[in-house]
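Each position in the sequence shown, counted from 1, maps to that position plus 268 in this note's numbering. Glycine included, every Cβ here is placed at the ideal spot set by N, Cα and C.
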Amino acid sequence: MLKQYRVLSMFVRRTIENNEEAGIRPSKTYQSFVVAAGSHWELSFIEKDVRNCITRKVWNVSKQDDAKEFRKYLLRLKEKNQNFFFELSLDGDHSIKNAFWADTRSKAACEYFGDIVSFNTTYNTNRTIEMCMPTTIHWWCIWHIMKKIPSKLNGYKRHEEIEQEMSHVVWNSFTKDAFDRNWNNFITKFGVGGNKWLSELYKDHHLWIPVYLDHHFWVGMRSTQRCKSMHAFFNKFITRNSSLIQFVKQYDNCLVSRGQREREFDAADFYTVIPCATKSAIVTQNICEFTLESEELTGILHWTFDNVMAEMQEYQAKSKRKSLLSHEEARLSDVNKL
Numbered sequence: 269m270l271k272q273y274r275v276l277s278m279f280v281r282r283t284i285e286n287n288e289e290a291g292i293r294p295s296k297t298y299q300s301f302v303v304a305a306g307s308h309w310e311l312s313f314i315e316k317d318v319r320n321c322i323t324r325k326v327w328n329v330s331k332q333d334d335a336k337e338f339r340k341y342l343l344r345l346k347e348k349n350q351n352f353f354f355e356l357s358l359d360g361d362h363s364i365k366n367a368f369w370a371d372t373r374s375k376a377a378c379e380y381f382g383d384i385v386s387f388n389t390t391y392n393t394n395r396t397i398e399m400c401m402p403t404t405i406h407w408w409c410i411w412h413i414m415k416k417i418p419s420k421l422n423g424y425k426r427h428e429e430i431e432q433e434m435s436h437v438v439w440n441s442f443t444k445d446a447f448d449r450n451w452n453n454f455i456t457k458f459g460v461g462g463n464k465w466l467s468e469l470y471k472d473h474h475l476w477i478p479v480y481l482d483h484h485f486w487v488g489m490r491s492t493q494r495c496k497s498m499h500a501f502f503n504k505f506i507t508r509n510s511s512l513i514q515f516v517k518q519y520d521n522c523l524v525s526r527g528q529r530e531r532e533f534d535a536a537d538f539y540t541v542i543p544c545a546t547k548s549a550i551v552t553q554n555i556c557e558f559t560l561e562s563e564e565l566t567g568i569l570h571w572t573f574d575n576v577m578a579e580m581q582e583y584q585a586k587s588k589r590k591s592l593l594s595h596e597e598a599r600l601s602d603v604n605k606l
C-alpha cells in the first residue's frame with residue numbers, strides 16, 4: 269500500500285493509545301485490527317503505521333513537558349490518597365534529578381516485611397552503593413559465583429571433583445569455624461592454593477557465604493534471579509522507548525496487575541479443598557473437625573469486629589453530641605455575660 273493512501277482514523281489512533289497504556293505490543297494491536305477487519309487488505313494502514321503513531325507520541329513530548337506531566341501525575345495520586353508519598357530532588361536548572369514514590373500498599377509491605385533493596389547491574393557500582401548506603405548489609409549474587417566454578421576451575425585435572433567439593437563446602441558449612449576449616453581442607457586436598465580467583469573469593473567470603481549472612485533477613489533472595497524475573501514481568505508493560513510519564517503509569521498498572529493476581533490466588537486458596545494424601549478415616553475426620561472449628565472461629569471474629577465497629581460508631585456519636593452541647597453552653601454563657 270502506497271504511503272499517500274495510508275491513514276489512521278481517530279478511532280484507530282485512540283485504540284492504539286489505549287492498547288499502549290495497557291502494555292499491549294504494537295504487533296498485537298495491529299493483529300487485532302486485522303482480525304476485526306477480516307484481512308490485511310481491508311485495512312487502510314500497515315503495522316509500521318501503528319509503531320510510528322506510538323513513536324511520534326513519545327518523541328513529540330519534550331523532556332521538560334515529560335517531567336511536568338510526571339510531577340502532575342504524582343500530585344494527582346497524592347490528592348486521591350493522602351497516604352501516598354513522593355519526593356523529588358531537582359538540579360540547578362530545576363530538572364528532576366531523583367524521584368521516589370511509595371503507595372499505601374508498598375508502605376504497608378515495607379512495615380510488615382522489612383526494607384529490602386536488590387540491585388542487578390552490570391556496571392561497577394558496588395563501591396558507590398557502599399558509600400551511599402554505609403549501614404546496608406550487602407550480599408553478592410551466589411548464583412553467579414557458583415555458575416563460574418566450571419569455567420574458572422576446568423584447567424585442573426580433577427576439576428569435576430573440585431567443583432563438587434567446593435559446592436559442598438559452601439552449602440554445608442553450618443558455622444563460621446566449620447566453613448574456615450572445610451575451606452582450608454578443600455584448598456589443601458586439591459592443591460589449589462595458588463588459584464587467584466579462589467583466593468579473592470575467600471578474602472570476601474563474608475559477602476557471599478550463606479553461613480555469614482543467614483542471620484540477616486533477605487526475603488529468600490540469594491541471587492539476582494528474582495530481579496530478572498521482575499524484569500520479565502515489567503517487560504510486559506514498558507519498553508526502552510517509554511517516556512517518564514509512561515513509565516510511572518505503567519508501573520502503577522504493574523502493581524495493580526500483581527495485586528489482582530494475589531487476590532485471585534488468595535480466593536483460590538480459600539475455596540480450594542486439598543484432597544487427603546491417604547484414605548484414612550481418622551485423617552478425613554480430623555480435617556472435617558478442623559474445617560468446622562475454622563468456620564466457627566471466623567464467625568466469632570466477624571461478630572467481634574461488628575460489635576467493635578458498633579461501639580466505635582456509638583462512641584463517635586456521643587462525642588459529637590457532647591461537643592455540640594459544650595458549644596451551645598459556651599454560647600449561652602457568653603450571652604449571659606452580656
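Proximity winner among the options, relative to residue i (alpha-carbon distances)
{"i": "residue 322", "options": "286, 381, 533, 340", "result": "286"}
{"i": "residue 373", "options": "436, 526, 574", "result": "526"}
{"i": "residue 482", "options": "280, 582, 436, 443", "result": "443"}
{"i": "residue 367", "options": "348, 452, 343", "result": "343"}
{"i": "residue 474", "options": "438, 454, 459, 275", "result": "438"}
{"i": "residue 459", "options": "429, 472, 279, 441", "result": "429"}
{"i": "residue 296", "options": "306, 307, 284", "result": "284"}
{"i": "residue 422", "options": "400, 463, 520", "result": "463"}
{"i": "residue 279", "options": "480, 549, 293, 301", "result": "301"}
Buried or exposed (CB count within 10 angstroms, at least 16 for buried), residue i
{"i": "residue 311", "result": "buried"}
{"i": "residue 288", "result": "buried"}
{"i": "residue 445", "result": "exposed"}
{"i": "residue 318", "result": "buried"}
{"i": "residue 606", "result": "Bear in mind that the predicted position of residue 606 carries a pLDDT of just 38, short of 50, making it unreliable; the figure below should be weighed with that in mind. It counts as exposed."}
{"i": "residue 380", "result": "exposed"}
{"i": "residue 294", "result": "buried"}
{"i": "residue 548", "result": "exposed"}
{"i": "residue 291", "result": "buried"}
Sequence-distant residues of its chain with Cβ nearer than 7 Å to residue i (five each side left out)
{"i": "residue 418", "result": "431"}
{"i": "residue 276", "result": "313, 317, 321"}
{"i": "residue 369", "result": "342, 353, 354"}
Sequence-distant residues of its chain with Cβ nearer than 8 Å to residue i (five each side left out)
{"i": "residue 334", "result": "511, 512, 513"}
{"i": "residue 349", "result": "371, 372"}
{"i": "residue 282", "result": "none"}
{"i": "residue 517", "result": "289, 341"}
Contacting residues, own chain, Cβ-Cβ under 6 Å from residue i (five flanking each side not counted)
{"i": "residue 575", "result": "none"}
{"i": "residue 351", "result": "372"}
{"i": "residue 465", "result": "420"}
Delimiting residues of the beta strand (DSSP E) encompassing residue i
{"i": "residue 368", "result": "364-370"}
{"i": "residue 358", "result": "353-358"}
Simplified DSSP assignment, three categories, for residue i
{"i": "residue 312", "result": "coil"}
{"i": "residue 543", "result": "coil"}
{"i": "residue 378", "result": "helix"}
{"i": "residue 402", "result": "coil"}
{"i": "residue 518", "result": "helix"}
{"i": "residue 484", "result": "coil"}
{"i": "residue 605", "result": "Because the pLDDT of residue 605 is 45, which lies under 50, any placement of that residue in the model is unreliable, and the number read from its coordinates should be weighed accordingly. Correct three-state label for residue 605: helix."}
{"i": "residue 432", "result": "helix"}
{"i": "residue 350", "result": "coil"}
{"i": "residue 575", "result": "helix"}
{"i": "residue 608", "result": "This structure gives no information on residue 608, because the portion of the chain shown stretches from 269 to 606."}
{"i": "residue 452", "result": "helix"}
{"i": "residue 439", "result": "helix"}
{"i": "residue 465", "result": "helix"}
{"i": "residue 527", "result": "helix"}
{"i": "residue 318", "result": "helix"}
{"i": "residue 341", "result": "helix"}
Residue i - containing alpha helix (DSSP H), residue span
{"i": "residue 286", "result": "278-289"}
{"i": "residue 296", "result": "294-305"}
{"i": "residue 443", "result": "Per DSSP, residue 443 belongs to no alpha helix (DSSP H) and is neither H nor E."}
{"i": "residue 480", "result": "478-481"}
{"i": "residue 474", "result": "Segment: none, residue 474 is in no alpha helix (DSSP H) and carries neither H nor E."}
{"i": "residue 416", "result": "410-421"}
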